[in-house]
Structures are given as structure tokens and as C-alpha cells.
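Report on the structure given below.
2 protein chains.
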Amino acid sequence: MPQLILDISVSLDGFVAGPNASLDDPLGEGGMQLHEWVLVTKAWREAHGQEGGEEDVDSDLAAELIGQASTTIMGRHMFSGGQGAWENDPNANGWWGDDPPFHHPVFVLTHHPREPLAVNGGTTFTFISDGIKPALEQAREAAGNGDIRLGGGADVAQQYLRTGLLDRIQLHVVPLLLGSGVRLFDGNEGKLELTRSLASPTGVMHLDYRPQR
Amino acid sequence: MPQLILDISVSLDGFVAGPNASLDDPLGEGGMQLHEWVLVTKAWREAHGQEGGEEDVDSDLAAELIGQASTTIMGRHMFSGGQGAWENDPNANGWWGDDPPFHHPVFVLTHHPREPLAVNGGTTFTFISDGIKPALEQAREAAGNGDIRLGGGADVAQQYLRTGLLDRIQLHVVPLLLGSGVRLFDGNEGKLELTRSLASPTGVMHLDYRPQR
Numbered sequence: 117m118p119q120l121i122l123d124i125s126v127s128l129d130g131f132v133a134g135p136n137a138s139l140d141d142p143l144g145e146g147g148m149q150l151h152e153w154v155l156v157t158k159a160w161r162e163a164h165g166q167e168g169g170e171e172d173v174d175s176d177l178a179a180e181l182i183g184q185a186s187t188t189i190m191g192r193h194m195f196s197g198g199q200g201a202w203e204n205d206p207n208a209n210g211w212w213g214d215d216p217p218f219h220h221p222v223f224v225l226t227h228h229p230r231e232p233l234a235v236n237g238g239t240t241f242t243f244i245s246d247g248i249k250p251a252l253e254q255a256r257e258a259a260g261n262g263d264i265r266l267g268g269g270a271d272v273a274q275q276y277l278r279t280g281l282l283d284r285i286q287l288h289v290v291p292l293l294l295g296s297g298v299r300l301f302d303g304n305e306g307k308l309e310l311t312r313s314l315a316s317p318t319g320v321m322h323l324d325y326r327p328q329r
Numbered sequence: 117m118p119q120l121i122l123d124i125s126v127s128l129d130g131f132v133a134g135p136n137a138s139l140d141d142p143l144g145e146g147g148m149q150l151h152e153w154v155l156v157t158k159a160w161r162e163a164h165g166q167e168g169g170e171e172d173v174d175s176d177l178a179a180e181l182i183g184q185a186s187t188t189i190m191g192r193h194m195f196s197g198g199q200g201a202w203e204n205d206p207n208a209n210g211w212w213g214d215d216p217p218f219h220h221p222v223f224v225l226t227h228h229p230r231e232p233l234a235v236n237g238g239t240t241f242t243f244i245s246d247g248i249k250p251a252l253e254q255a256r257e258a259a260g261n262g263d264i265r266l267g268g269g270a271d272v273a274q275q276y277l278r279t280g281l282l283d284r285i286q287l288h289v290v291p292l293l294l295g296s297g298v299r300l301f302d303g304n305e306g307k308l309e310l311t312r313s314l315a316s317p318t319g320v321m322h323l324d325y326r327p328q329r
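Chains as they are written, first to last, in this note's numbering: chain B, 117 to 329; chain F, 117 to 329.
So this is what it looks like as C-alpha cells:
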């Protein structure tokens, strides 16, 4: 069965977004710093049609992450990022543009039903408004032999963690204290197994955990 | 100059004590789990006059931590642990007993002045009630060629971090979500440099950071 893998960048003090995050600014103040490590890698740039980039542990990780998933589940903020509510613009396709990097089915959790949106490069956004389990079922059917990447945000991650549906947690711990913002973990309890750790020269710690059930 | 090193165990979700922590129960519910990794090591047991114990990365780390400090600064909760307020018992010497494992000067930050307390094995507890900087100055004078270990709790750690006085942060990240409790980082901002990472077979990640000033 495909594994459900939370893959997310987090500050050392546990935030996945900075203060004042909103639908218009999903990463909040300073939150973009959490993603700088991946944006400069060769693997990420290649997947986004760009040249150059760093070839290091971070790039190897980025390549692995891009390659392992055959479907993605994300929350609405992660889809809409920076473009506000699609209720105001039915054609809004978020910050992913016309040629998003997924090249596979993406399931967007939302309270606002919407028709599926097919874009270039094999990506189809399907909007799920009946809960995290139906979304996971659809993602599993679509996943084939690949895994399901859970991209965030924190709210979606916490819901899957709470219900015991997460198979793996791949954290990218950025050496940064944001001070406040959106916490990745909030009220979840349990033990985990550390399955891998990789330190990057950039100071990012890549930590893989398996929640124990 | 002696370095001020915060050395502290923390859950993956950032807590150094569980819910309902108090002067009578400084670790809170479930908080003792954060320290199990060190309690079973050969190095820690030897330092506490006990035989046996595990010989692994955790024990090597414990030996290093015990050896590197020639003075310790701690908060009052960490001193009093489980014995309540010394205002009720002027002779209370906390949970450290008659032969505490420090064998060096210990400076206890407190709002409740008290005469120094000398116990067996070369440990003297000096109680500092005029702030974190005077405590650091006294610890530096006493430290000689060794370093100063900041043992916690979170409140003391945050005060030193906020004032830029911390030289190193040695985190022991336990693969555990406590869900709530006392947070290590709370409102602190800044970048850090990752200087070392060691994964233990127990799943504890030992991460050394240097705050950037």
C-alpha cells in the first residue's frame, strides 16, 4: 500500500510558517526562509525547469522527495498561496502557475467545493471537501506503486497525525528561530522511531521519523 | 573565556517538561521520558556512583557533557525539584541529595535569597537573586579553564538566549511528542549554526548549535 509521507520544512523552534500567516501570505513573516535550502538545489531547479543549482545533500534529498511521490495531498492554503480566495476568482490556480512541478494527481483539502482543475505537465488538482480520509482513499487509488506526499500545512498534518494515518514524517529542520507563527505539532502525543538523519552543510537537519501506533 | 553551554533534553515537539509542571513536579506529566536516554548510560551511572549501564553514543555524549563543565547555572525549579519551596524548609537541598553529581560550583537563579549550601563531593550551591548577568559573572570567575553548563529550565534558557549570552546549545531531541507542557523556545528569534549532529540507536538526536549574534 502507498505510504503517506509528511514532508515539511520546520524551524528549530517548531514553526512551519512565521507570524501573521494568512490565505494571502501562507508562509507568514520570515517563513520563506524555511524553504531557501530547497529552492537553491539543482534537483529542485531541474524539476521546475531551471538551470544550475547546488549539488549537495540537500539536492539529493530534494531529488528523492520529488521522485518518491506519485500523488500529493495538500491543504487549501498551500494550494492558494498568495492569491487569496478562489471564491473571488473561479479560475485562480494558486501560486503553482500553468506548469506546476507535480506531474501527478494532487488532492487539495478544502471546505469550498470546486471542479477539478487540469493543468499542463500531467498535474490535476482535485478538490476534496468531505474530509481527510476520503482524500487519502482517493490518493491511494491514484498512487499506484508510488507514495503519497503530504505537503502541509500544519493543520492538515496534525489531522492526519492525530488519526494515526501518517506512515512517515520527513522533517527538514532549518537552523532558525522564528519566535512565533504556525506550529507544526500542536497537541499531538505519541512516540516515534527515528529512521534516518542527514546533516546538510547548510545546517539543515533532515530527520525521518515513523510514528508508532 | 569559558563558554556558556545550554545542555537540555527536549521532545520532538519542543517541550522540556510535560503538562502541569510545578515546583513540586518540575518535569510535569510524562516529562521524565525526556531523560531516560541519559539515566541508562554507563557514563551517567558512574558519575552517580552506580554500576552498569549502556555503552553507546548516548553514553559518550553523557561523558562529554559531564566532563566539559566546571560550573553549572540552573533555575530554581531544577534545584528544588519535587521538594517544593525551601521557604517552608530552610534546609531543603532539592532532589540532588547529600552527594550531588556536580563536584563543582553550582549557581542557582532564584527570587528567594538564601545562604550558600556546601554539600559532599565538592559541590557548593550559591543562590543568586540579582539576575542572570551577575550569575554568569560569578560562574565565569569560578569556571577556570572549564565551561559553564546551563542546565535549564526553559525560563532561564530563554533569558540567556534573549540577551545573546549563550555560546552553544546542545539539544537532545527525544523521539516523543508530549503534546503540551513547557516549551524550550518561546518568542526567541535568530539564526543558528549547526556544528554537530549525532544520532543515537535510541532514536535521540544530539544536535549542537551556535547562536549567531
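For glycine and all other residues, C-beta sits at the position ideal for the given N, C-alpha and C.
Within 7 Å of the CB of B/Ala315, the CB atoms of chain F belong to Leu310, Ser313, in sequence order along the chain.
Cβ contact annotation for B/Ala315 (same chain, cutoff 7 Å, sequence separation greater than five): Met321, in chain order. Between B/Thr318 and B/Asp129, the CB-CB gap reaches or exceeds 7 Å.
Those residues of the stretch 221-251 of chain B placed with their C-beta closer than 7 Å to a C-beta in chain F do not exist. By the CB criterion at 7 Å, F/Leu292 and F/Gln149 fall inside the cutoff. Residue contact with chain F for B/Asp129: present (Cβ-Cβ distance below 7 Å to some residue of chain F). Contact check for B/Met194 against B/Gly297 fails: the beta carbons are separated by 7 Å or more. By the criterion of at least three beta-carbon pairs nearer than 8 Å, the stretch 224-236 of chain B is not in contact with the stretch 141-159 of chain B. Between F/Glu253 and B/Gly295, the C-beta spacing is not below 7 Å. Note on F/Ser138: under 16 other CB atoms within 10 angstroms of its CB, so exposed under the neighbour-count rule. Judged by beta-carbon spacing, F/Pro221 lies within the 7 Å limit of F/Ala258, meaning their Cβ atoms are closer than that value. A Cβ-Cβ separation of about 5 Å places F/Ala255 in contact with F/Ile264 under the 8 Å criterion. Around the beta carbon of F/Gln166, a 10 Å sphere encloses fewer than 16 other beta carbons of the protein chains shown; the residue is thus reported as exposed.
Shown here for F/Arg329: same chain residues with a beta carbon closer than 7 Å to its own, the five before and five after excluded, namely Gly280 in chain order. Annotation: F/Glu171 to B/Asp283 spans about 31 Å, alpha carbon to alpha carbon. A direct Cα-Cα distance of roughly 36 Å separates F/Val154 from B/Gly146. The C-beta distance from F/Leu277 to F/Val126 rounds to 13 Å, too long to fall under 8 Å, and the pair is not in contact. Within the stretch 271-297 of chain F, the residues whose Cβ lies closer than 7 Å to any Cβ of chain B are, in chain order, Pro291, Leu292, Leu293, Leu294, Gly295, Ser296. Taking C-beta atoms under 8 Å as the contact rule, F/Ile182 and F/Ala251 fail to qualify, at a distance of about 21 Å. For F/Asn136, not one C-beta of chain B is nearer than 7 Å to its own C-beta. Annotated three-state conformation of B/Ser127 is strand, per DSSP. What B/Met321 touches in chain F, judged by beta-carbon distance under 7 Å, is Leu310, Ser313, Leu323, going in chain order. By a beta-carbon distance limit of 8 Å, F/Ser186 contacts F/Gly262. Their separation comes to about 2 Å. Neighbours of F/Glu305 in chain B, taken as residues at a C-beta separation under 7 Å, are given in chain order as Leu293, Leu294, Gly295.
Judged by DSSP secondary structure, F/Pro327 falls within the beta strand (DSSP E) whose first and last residues are 321-327.
Under the 7 Å criterion on CB atoms, B/Phe195 is classed as non-interfacial with respect to chain F.
Fully contained in the stretch 226-267 of chain F are the following alpha helix (DSSP H) runs of length 4 or more, in chain order: 248-259. Taking the Cα of B/His219 as reference, the smallest distance to any Cα among B/Glu180, B/Ala179, B/Thr239, B/Gly134 is reached at B/Thr239. Burial check for F/Asp123: the Cβ neighbour count within 10 Å reaches 16 or more, so the residue is buried. Assigned with DSSP and collapsed to three states, B/Gly295 falls in coil, not helix or strand. Closest in alpha carbon position to F/Val290, among F/Phe243, F/Glu180, F/Leu310, F/Phe131, is F/Phe131. Taking the CA atoms as reference points, F/Leu323 sits about 23 Å from F/Met117. The DSSP-derived three-state label of F/Leu314 is strand.
Put simply, the CB of F/Phe218 is far from chain B, with every gap to its CB atoms at 7 Å or more. Counting the other Cβ atoms within 10 Å of the Cβ of B/Ala234 gives fewer than 16, which makes it exposed.
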